[in-house]
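Okay, structure first, notes after.
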Amino acid sequence: MSTFPDRPVAVLCSGGDSPGMNAFLRAVTRLGLNRHQIPVLGIRDGYQGLVRAARQVNGHPAELAKLKARIVANTGAKGLIELDQDIILMDHACVSGIVGRGGTLLGSARCLEFHKPEVRRSVIDLLTSLGVHALVVVGGDGSLTGARLLADESDLRVIGVPATIDNDLQFTELALGVDTAVHTLVWAVDHFIDTARSHRRVMVLETMGRDCGDLARMAAVASGAEMVITPEGGAVTHERLIEYAAKIETSMTRGRRHAIVLVAEGVKFSHDTTPDRSRAYVLRDAFESYFRRAGAPYPDLEVRPSVLGHLQRGGHATPQDCILASRFAENAWESLLSPEPQNGITALQHNRVVVVPFGAEDMPDRARFSRKMDELHEDLSSW
Ligand code: ADP
131 MSTFPDRPVA VLCSGGDSPG MNAFLRAVTR LGLNRHQIPV LGIRDGYQGL
181 VRAARQVNGH PAELAKLKAR IVANTGAKGL IELDQDIILM DHACVSGIVG
231 RGGTLLGSAR CLEFHKPEVR RSVIDLLTSL GVHALVVVGG DGSLTGARLL
281 ADESDLRVIG VPATIDNDLQ FTELALGVDT AVHTLVWAVD HFIDTARSHR
331 RVMVLETMGR DCGDLARMAA VASGAEMVIT PEGGAVTHER LIEYAAKIET
381 SMTRGRRHAI VLVAEGVKFS HDTTPDRSRA YVLRDAFESY FRRAGAPYPD
431 LEVRPSVLGH LQRGGHATPQ DCILASRFAE NAWESLLSPE PQNGITALQH
481 NRVVVVPFGA EDMPDRARFS RKMDELHEDL SSW
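Letter 269 of the sequence shown, counting from 1, is numbered 399 in the working numbering, and no numbers are missing.
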């Protein structure tokens with residue numbers, strides 16, 4: 131039987147999934163095997179998989195030996211698919227054909243227990259006893275916070291990789307999955323436009339993005355959506371809602387036959403008594419009540435809200451996301467193998483891939499970019 135690999139690197143995907151995670155898993159595995167001759171252990175279901183494995187071993191040498199034996203006996207697809215193992219020794223074949231596939235081969239999960247220091251300690255002990263010297267964590271804000279804690283609390287080298295369609299990580303111009311999600315939104319807007327135009331309708335589409343409006347504003351510029359409302363402008367007042375509605379109505383009097391409004395899920399309303407209500411529905415009610423006022427030119431103008439939801443997380447990753455994932459993997463390896471240990475997060479800054487320390491400051495360019503995009507959209511879409 132083969133022996134357990136020496137000093138492997140482990141990789142996991144955590145939190146909300148995003149397109150590009152599979153491209154990253156392929157790249158990190160293949161670069162490990164082909165360029166660096168270092169084996170990669172894939173961890174199933176993010177931190178949850180590590181916690182499960184740590185609990186199984188529970189510090190017993192016999193259980194550890196069994197786990198190691200299982201990992202080397204069932205590599206690649208066998209451990210991953212047939213046996214549903216929590217830790218899999220990745221091979222060339224198991225990452226074949228996945229480069230653009232949405233989701234993540236390893237699965238992703240949320241793991242509330244990971245907030246407890248003693249649970250993280252058990253995971254660190256497990257990784258140490260497996261000889262793992264480095265861990266790569268692919269995920270969003272929360273997952274990267276977990277990665278930072280692991281780095282602080284152990285001698286492991288830890289690299290985070292930003293992956294979230296929300297693009298709410300301000301130290302990188304783009305996270306994995308954003309480009310694909312924008313692409314999906316453009317596709318969705320194209321479909322809504324056809325019906326909106328046929329019926330002279332206003333479609334209000336709610337996008338993801340948490341407290342960041344980038345996804346909505348990028349999709350608005352790329353799709354030609356008539357209006358975009360994002361959280362960065364502060365809570366939307368009643369007066370502002372009237373202005374939005376009046377703007378749509380005026381454009382109709384100038385010959386426009388439809389309007390697509392993108393509203394980011396993080397938008398807040400200053401008069402909101404039901405903050406959990408979908409933003410698209412709040413806008414629908416406000417717009418329709420304005421359009422139905424006495425003497426209005428289009429009292430029958432219909433507003434149809436849609437919450438696009440998890441549709442935005444799926445689908446084939448765009449070439450841009452697959453390339454970015456491969457570049458992030460290349461930099462993650464370089465950082466892990468550099469003579470001076472550097473824990474941190476891969477980031478795209480000024481179109482270059484770099485590794486920034488955990489807790490790095492926000493890029494000032496990001497806020498500037500958002501403002502410029504808003505101005506650009508305004509001037510492209512006004513009638
Ligand atoms: P995302 O990474 O997509 O932002 P979450 O915020 O849900 O998703 O975080 C994913 C997981 O990362 C959590 O379920 C938890 O396991 C871990 N995590 C998040 N925040 C922390 C924290 N403060 N301390 C330790 N682990 C955390």
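Just so it is clear, CB atoms sit at the ideal spot from N, CA and C, and this is done for glycine as well.
A quick note: this is a predicted structure, and the numbers were derived from the prediction, not measured.
Contact under 8 angstroms by Cβ, residue i with residue j
| i | j | result |
| --- | --- | --- |
| V334 | L431 | no |
| V187 | S132 | no |
| V291 | V267 | yes |
| T337 | A346 | yes |
| P149 | L219 | no |
| E379 | Y428 | yes |
| A311 | I295 | yes |
| A183 | L256 | yes |
| P138 | L171 | yes |
| D298 | R340 | yes |
| L197 | N204 | no |
| A455 | A153 | yes |
| V225 | L155 | yes |
| A426 | L392 | no |
| D216 | R174 | yes |
| D492 | Q300 | yes |
| I390 | I323 | yes |
| G276 | A293 | no |
| V433 | R414 | yes |
| M503 | V351 | yes |
| L306 | A140 | no |
| G233 | G444 | yes |
| G385 | S273 | no |
| G439 | R278 | no |
| A394 | P435 | no |
| F458 | V437 | no |
| V288 | N473 | yes |
Residue i in three-state terms, based on DSSP
| i | result |
| --- | --- |
| M333 | strand |
| T325 | helix |
| L235 | coil |
| A140 | strand |
| I254 | helix |
| P292 | strand |
| L265 | strand |
| V181 | helix |
| A394 | strand |
| L299 | coil |
| L171 | strand |
| R287 | strand |
| F134 | coil |
Residue i beta carbon near the ligand ADP (any heavy atom closer than 7 angstroms)
| i | result |
| --- | --- |
| S273 | yes |
| G474 | no |
| H321 | no |
| F301 | no |
| H521 | The structure shown does not extend to residue 521, since the chain is modelled only from 131 through 513, so no value can be given for it. |
| T294 | yes |
| F488 | no |
| R240 | yes |
| H401 | no |
| G276 | yes |
| G206 | no |
| G425 | no |
| G150 | no |
| F244 | yes |
| S144 | yes |
| G307 | no |
| Y374 | no |
| G364 | no |
| Y428 | no |
| L265 | no |
| G339 | no |
| G396 | no |
| Y177 | yes |
| L197 | no |
| G269 | yes |
| L279 | yes |
Test: residue i CB closer than 8 angstroms to a CB of chain B
| i | result |
| --- | --- |
| Q178 | You won't find chain B in this structure, because it holds only one protein chain. |
### Query
Is the segment 235-250 close to the segment 158-166, with three or more CB pairs under 8 angstroms?
Counting Cβ pairs under 8 angstroms, fewer than three are found: no touch.
### Task
Can you check the segment 421-491 for any alpha helix (DSSP H) of at least 4 residues that lies completely inside it and give the ranges in chain order?
The alpha helix (DSSP H) runs of length 4 or more contained entirely in the segment 421-491 are, from start to end of the chain, 449-467.
### Query
Which parts of the segment 186-231 are runs of the beta strand (DSSP E), unbroken and 3 residues or longer, counting only runs that do not cross its ends?
Runs of the beta strand (DSSP E) inside the segment 186-231: 217-219.
### Task
Can you check the segment 307-392 for any beta strand (DSSP E) of at least 3 residues that lies completely inside it and give the ranges in chain order?
Whole beta strand (DSSP E) segments, 3+ residues: 331-337, 357-359.
### Query
Is the segment 449-466 touching the segment 348-367, taking contact as three or more C-beta pairs under 8 angstroms?
The segment 449-466, when compared against the segment 348-367, does not touch it at the 8 angstroms Cβ threshold.
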